[in-house]
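Asks: Residue numbering for the sequence shown follows our numbering, beginning at -8 and increasing consecutively. Note that the Cβ used here is the ideal one computed from N, Cα and C, for glycine as well.
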Amino acid sequence: MENDLTNSEFGQNELAKELGMSNMQLYRKLKELAQMPPNEFIRSIRIKRAVQLLEKEGLTINEVCYLVGFNDPKYFSRCFTKEIGMSPSKYRNSLVNP
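1. The alpha helix (DSSP H) spanning Q26 covers which residue range?
2. Keeping to the same chain, check which residues put their C-beta closer than 8 angstroms to that of V87; ignore five residues upstream and five downstream.
3. Are there 16 or more other CB atoms within 10 angstroms of the CB of E10, so buried, or fewer, so exposed?
4. In the DSSP assignment, find the unbroken alpha helix (DSSP H) run with T72 in it and report its ends.
5. Whose C-alpha, out of M27, A7, Y82, is nearest the C-alpha of E46?
6. List the whole-angstrom C-beta distance separating T(-3) from L50, where the pair is believed to meet the contact cut-off of C-beta under 8 angstroms.
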């Protein structure tokens, strides 16, 4: 799945196929184990990868956005803020000025 993160088209259907499950089986398992639906789970994994990339120097926030499979920097920022509690730029600044 890690390799599929850059593909913005990777979603619930693709994950279910990779795992050899139906969409309904995947939905039930993730709801049970992770307490979230598949698309939210995938988005959460993407944001966690974005955090790792933001901790490295040399990548812009937009580059990170596209590297983790988001097509829209504003949507990426909104999802990042919801998951992490601060915007990507504030997160990066907090690393420089703790």
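Replies: In short, the structure shows the following:
1. For the purposes of this step, residue 26 is taken as residue 35 along the sequence shown, with counting starting at 1. Careful: Q26 lies outside any alpha helix (DSSP H) and carries neither H nor E.
2. Counting from one through the sequence shown, the residue named residue 87 turns up at place 96. Closer than 8 angstroms at Cβ, skipping near neighbours: no residue.
3. One-based indexing of the sequence shown puts residue 10 at position 19. The sequence given here places Leu at residue 10; Glu does not occur at that position. It is exposed - the Cβ of L10 has fewer than 16 other Cβ atoms within 10 Å.
4. In the sequence shown, counting from the first residue as 1, residue 72 sits at position 81. Residues 64 to 75.
5. Counting from one through the sequence shown, the residue named residue 46 turns up at place 55. The candidate whose alpha carbon is nearest that of E46 is Y82.
6. Translated into the one-based positions of the sequence shown, residue -3 becomes position 6. Translated into the one-based positions of the sequence shown, residue 50 becomes position 59. Actually they do not touch by this definition, with Cβ atoms about 13 angstroms apart.
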